[in-house]
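Chains A and B, in that order, give the protein sequences.
Numbering (numbering that gives the first Met the number 0) for the first sequence: 0 to 105.
Numbering (numbering that gives the first Met the number 0) for the second sequence: 0 to 551.
Cβ atoms here follow ideal geometry from the backbone N, Cα and C, with glycine treated the same way.
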Amino acid sequence: MTETNNNSCCSPDSSSKQLNNVRILIDQQLCTGCGLCGEVCPFGLPRPMENGKFRISDVNLCTECSACKRNCPVQAITMLEQKGCGCLWDTRQRIKKKGSSNSCCS
Amino acid sequence: MAVTYMRKLEEEPETYDSNFTTLTNGINLEVHNWVLNHLKESKTILEVACGTGILASKMTTNGRNVVAIDKNFQMINHAMLHYPSNIDGKLLYQIGSFKDLPVLPNSQDIIVSTFMLSELRPFEQQIFLRNSWSALKPEGRLLISAEFVPSGLWKLGFKLKRWRYKKKLRRLRLNNTFLVKWFVKYLKPIGFKILESEKWNHGSIQALELIKTNEDNLDEPGYYSPPSKKFIGIGSQFRIFRCTLTGQVDRVPIEPGIYRSGNPTKNSPIIVTANYDFTYIKVMRNIRHIDAWVLCVDSNGINVWCAARGNDFGNDQLLEAVEATGIQKFTEKKTLILPQLSAGGVSIPQLPKKSVKFPFKVKFGPIWSKQIPEYLEENPSKKPDFMKLAKFSLSHRMRALVTHTTFLLRKVFLLPIVGFLVIFLIMLIWINKLAWIGEFISWIIISNALIAIFFPLSNFTRTFTKKGIFFGFLTSIVLGGMTWLLHMSLIFILLNVVIFFWIAFFSTMSFSGYTMATSPREIQKEYPRFKKINKFLLITGTVLSLIGIIFY
């Protein structure tokens, strides 16, 4: 995490403490601007900048589906992955059973 | 029978055999005898999923060579300790699975597998059969026993029993086993013929003796493709309704495999999708004017988005689908077009590159299947926004409304409603209160309709507790007005306003999973606060409403 600190586009001058709370960021040094992240994100969050590289336009809208991270060919995307679905019932099961849930939709 | 429950027993090799014998009423021992009687003159035997080794050791008689594999290393350890090689023959235990049999092609007289089939999903069963075919000598035999669905009336009892064990396994957080539904259909296309079969317990446990066939003298086994499945007409419309009504609860799997849209040829594209019935029907309808191969991966009867976010639509499922169906033999196209929403599970960089088993390039297509025709025609290198952005449009919200409301009525409100019904019927003087139940159901439906229709109004915040409070107020006003028209009593409204508020608050939170735009982190963070508010509203609301019911 700290390595990407200085190059982070989303929080250029954040301390590492803040970085721990960063949900998702694209490492500007690694990004080749291939744009695959922009193709898979259902919310169009990765957007190209002037230099052709991509950045996450609004971190707060990220649903942590991990599609971009999984498919980035150079592993430029760092994400704090949280297990589970964004759904009350999955959350309830996880909290009840301490962390595990069979699947979200049952 | 309850072979389902073996998932639990497998955890303890020491007691597995005795517990399993109890579970099957001793039929497993009869199955063992059946297997031993069918070994005949065989010399080389492979047992797949040998468990504790009890059968493997019995098979070594008459100087036979037995290789026994199991994927569970505890079982293998146990087997080596308790059932070591017999003096008569050779016995080798090894960790391994049906996916990669540790023997040479054309080397085995017999392959034995007891009670493994129900652990395998449809594609896995096909892969197992194909691998066995390759490992067997010509005319080699496969001895298989498994739990099947019995015929006739016995089916009902079987289903009931299975349902009970399923609940039990859920509580233990273990996965259920699978029904061996389509297995017999795979045999002929892959290259097996049934020689003999034996049934126990009205067919709930069956043993099959299969012989390897090779009429066309091929080097490899054949592939199975499911028969075409209807996607237009009244029947399929009912299947759509069924899925809409049970969306959040039921998985509705269709046979995974290759389906055809139109008359696909060697140059037709391959569209990959999930094996949820709803998804299948929608995709097939949307591409009905296009000739294409449709590959349904085994996503466990779950839609693409949820399956990808769980572990039901990922690289494993994709690789398995390609291996089991042999899709590369059907078309020269070397690109698989996946639904965009499967990207949360499928990882392109981690797929094998230029491998014989997976000779494909993978591309993520459009987000909704209705855009596939346009996507295929234009084949854009960068998709336009409308092909990749998730919009929670009114039509989506209406469908979500139906699914969510039926879910709430079935899973949350059914018990209280039945409870009140019983109380009102028993206390005869209260029989006139029955109308209240109807009113209560209408409150649930109306408040959910308000949430679904006016959901975009709550976009001022991403916090669902705040959205819930917003819809709480909105619903209280609407239902308050409605109650005024019905009862003309201000006190009755005041007594019920908290329950109005609660229904909307709770429903909004429960609706969160449908919006697509929520993250697990946000909901998990909100949950403790939600729980507190929820508890307060529910208790106050119930008390006040009860007073309302009793006195007004």
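**OP:** Report buried or exposed for ASN299(B), applying the criterion of at least 16 other Cβ atoms within 10 angstroms of its Cβ.
**Re:** buried
**OP:** May I ask you to report which of helix, strand or coil DSSP gives SER15(A)?
**Re:** Because the pLDDT of SER15(A) is 43, which lies under 50, any placement of that residue in the model is unreliable, and the question is left without a value.
**OP:** Keeping to the same chain, check which residues put their C-beta closer than 6 Å to that of GLY37(A); ignore five residues upstream and five downstream.
**Re:** PRO45
Original post:
Since TYR92(B) is in the beta strand (DSSP E), which residue starts that stretch and which ends it?
Top reply: 89–94
Subject >> For GLY344(B) and ALA307(B), believed in contact at Cβ under 8 Å, the rounded distance >> reply: 3 Å
**OP:** Return the first residue and the last residue of the beta strand (DSSP E) that THR208(B) is part of.
**Re:** The identity of residue 208(B) in the sequence shown is Glu, whereas the question assumes Thr. Counting along the chain, the beta strand (DSSP E) containing GLU208(B) begins and ends at 204–211.
Subject >> Same chain only: Cβ atoms within 7 Å of CYS8(A), ignoring 5 sequence neighbours per side >> reply: Its pLDDT being 41, under 50, CYS8(A) is placed unreliably by the model, and the measurement read from it follows with that caveat. Counting only Cβ-Cβ distances below 7 Å, and skipping sequence neighbours, we find LEU24, ILE25, GLN27, ARG54.
Original post:
Who are the near neighbours of ASN262(B) in its chain, counting only those whose CB is closer than 7 Å to its CB and skipping five residues on each side?
Top reply: ASP290
Original post:
Hey, does ILE94(A) have any beta-carbon neighbour from chain B nearer than 8 Å?
Top reply: yes
Original post:
Whole-angstrom Cβ separation of GLN125(B) and TYR223(B), contact assumed at under 8 Å?
Top reply: 6 Å
Original post:
Is MET115(B) buried or exposed, if buried means 16 or more other CB atoms sit within 10 Å of its CB?
Top reply: buried
**OP:** Starting from LEU337(B), trace the beta strand (DSSP E) both ways and give me its first and last residue.
**Re:** 334–337
Original post:
For LYS180(B), does the count of other Cβ atoms within 10 angstroms reach 16, so buried, or fall short, so exposed?
Top reply: exposed
Subject >> Identity of the residue in ASN61(B), ALA451(B), LYS328(B) nearest ASN266(B) by Cα >> reply: LYS328(B)
**OP:** Would you kindly report the start and end of the unbroken alpha helix (DSSP H) that includes THR20(B)?
**Re:** 12–22
Original post:
Given ASN314(B), which residues of its chain have a CB within under 7 Å of its CB, disregarding the five upstream and five downstream residues?
Top reply: VAL345, SER346, GLN349, LEU350
Original post:
Does GLU9(B) have its Cβ less than 8 Å from a Cβ in chain A?
Top reply: no
Original post:
In whole angstroms, what is the alpha-carbon distance linking ALA323(B) and THR539(B)?
Top reply: 57 Å
**OP:** List the endpoints of the continuous beta strand (DSSP E) containing PHE363(B).
**Re:** 360–363
Original post:
Where does the unbroken alpha helix (DSSP H) through MET283(B) begin, and where does it stop?
Top reply: 276–285
**OP:** Give a yes or no on contact between the stretch 212–227 of chain B and the stretch 187–194 of chain B, applying the rule of three or more CB pairs nearer than 8 Å.
**Re:** yes
Original post:
According to a CB-to-CB cut-off of less than 7 Å, which residues of the stretch 63–75 of chain A neighbour chain B?
Top reply: GLU63, CYS64, SER65, ALA66, ARG69, ASN70, PRO72
Subject >> Below-8 Å beta-carbon distance, MET0(B) vs any chain A residue >> reply: Note that MET0(B) scores a pLDDT of 42, beneath 50, so its modelled location is shaky and nothing firm can be said.
**OP:** Run the CB neighbour count on ASP311(B), radius 10 Å, all protein chains shown included, and call it buried at 16 or more, exposed below.
**Re:** buried
**OP:** Verify whether the separation of the beta carbon atoms of SER457(B) and ASN495(B) is less than 8 Å.
**Re:** no
Original post:
Would you call the stretch 388–407 of chain B and the stretch 446–456 of chain B touching, i.e. three or more CB-CB distances under 8 Å?
Top reply: yes
**OP:** Would you please state the rounded distance, in angstroms, between the beta carbons of PHE177(B) and ASN130(B)? I believe it to be under 8 Å.
**Re:** Going by Cβ atoms, the distance from PHE177(B) to ASN130(B) rounds to 18 Å, so no, they are not a contact pair.
Original post:
For VAL30(B), is the beta carbon positioned less than 7 Å from some heavy atom of the ligand GDP?
Top reply: For the ligand GDP, the structure offers nothing, since it holds no ligand at all.
**OP:** Specify, as a first and last residue, the run of the beta strand (DSSP E) that LEU294(B) falls within.
**Re:** 291–295
Original post:
If you measure beta-carbon to beta-carbon, which residues of the stretch 339–356 of chain B are closer than 9 Å to chain A?
Top reply: GLN339, LEU340, SER341, ALA342, GLY343, GLY344, VAL345, SER346, ILE347, PRO348, GLN349
**OP:** With 9 Å as the C-beta to C-beta threshold (strictly closer), list the residues of the stretch 295–312 of chain B near chain A in chain order.
**Re:** ASN299, ILE301, ASN302, TRP304, CYS305, ALA306, ALA307, ARG308, GLY309, ASN310, ASP311
Original post:
Going by C-alpha distance, which of THR212(B), ILE286(B), VAL321(B) is nearest ASP297(B)?
Top reply: VAL321(B)
Original post:
Smallest Cα separation from MET386(B): which of VAL21(A), CYS40(A), ARG22(A)?
Top reply: CYS40(A)
**OP:** Please report how far the alpha carbon of MET0(A) lies from the alpha carbon of ARG93(A), in whole angstroms.
**Re:** Confidence at MET0(A) is low in this model, with a pLDDT of 34, below 50, so the placement of that residue should be treated as unreliable; the coordinate-derived value is given next. So the two alpha carbons sit approximately 27 Å from each other.
**OP:** Examine the Cβ distances between the stretch 498–506 of chain B and the stretch 470–478 of chain B and report whether three or more of them are shorter than 8 Å.
**Re:** yes
**OP:** Answer yes or no: does any C-beta atom of chain A fall closer than 8 Å to that of GLY467(B)?
**Re:** no
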